[in-house]
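Novice:
Residue numbers (my numbering): 371 to 475.
Okay, here's the thing in structure tokens:
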């Protein structure tokens with residue numbers, strides 16, 4: 371009877387050890403998966419930072435280009451605006467010269 375009890379205890383201990391080993395394997399697999407998720411999250415975070423930096427640079431370049439074009443157009447409009455009185459004066463002078471030629475003729 372003692373031998374049977376010892377055999378039962380040994381089998382129970384072996385079963386508990388096997389269950390412990392199986393649980394340890396599951397835990398190790400879960401920890402490995404968690405480490406993989408952490409690494410993937412770190413990569414994604416790095417990629418996000420790089421994309422955000424690139425977008426910021428592109429935005430700043432586009433803004434500078436648009437601002438330069440705006441200033442150029444504004445300058446052209448101003449130059450044309452200032453040229454109008456000179457053009458009008460030139461046309462008046464031509465008209466006056468034409469009138470004088472008509473009078474003389």
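Quick reminder that beta carbons are idealized off the backbone N, C-alpha and C, glycines included.
Since the structure is predicted, the reported quantities are computational estimates derived from the model, not experimental observations.
So is the beta-carbon of residue 429 under 8 angstroms away from any non-hydrogen atom of the ligand FAD?
Specialist: As presented, the structure is devoid of all ligands, the ligand FAD included, so that no description of it is given.
Novice: Using the C-alpha atoms, what's the distance from residue 459 back to residue 465?
Specialist: Residue 465 sits at position 95 when you count from the first residue of the chain shown. Residue 459 sits at position 89 when you count from the first residue of the chain shown. If I take the Cα positions, the gap works out to 10 angstroms.
Novice: Helix, strand or coil: how does DSSP classify residue 371 here?
Specialist: Counted from its first residue, the chain shown places residue 371 at position 1. Looking at residue 371 - three-state DSSP - the assignment turns out to be coil, as it is neither helix nor strand.
Novice: Hey, how far is the Cα of residue 431 from the Cα of residue 438?
Specialist: If you number the chain shown from 1, residue 431 lands on position 61. If you number the chain shown from 1, residue 438 lands on position 68. One C-alpha to the other measures close to 11 angstroms.
Novice: Could you tell me the alpha carbon to alpha carbon distance between residue 475 and residue 469, rounded to whole angstroms?
Specialist: Locating residue 475 in the chain shown gives position 105, counting from the first residue. Locating residue 469 in the chain shown gives position 99, counting from the first residue. Each residue's alpha carbon lies about 10 angstroms from the other.
Novice: Where does residue 475 sit, in a helix, a strand or coil, going by DSSP?
Specialist: Numbered from its first residue, the chain shown carries residue 475 at position 105. Looking at residue 475 - three-state DSSP - the assignment turns out to be coil, as it is neither helix nor strand.
Novice: Can you give me the C-alpha to C-alpha distance between residue 428 and residue 422, rounded to a whole angstrom?
Specialist: Stepping through the chain shown from its first residue, residue 428 is reached at position 58. Stepping through the chain shown from its first residue, residue 422 is reached at position 52. Distance between the alpha carbons of residue 428 and residue 422 is about 10 angstroms.
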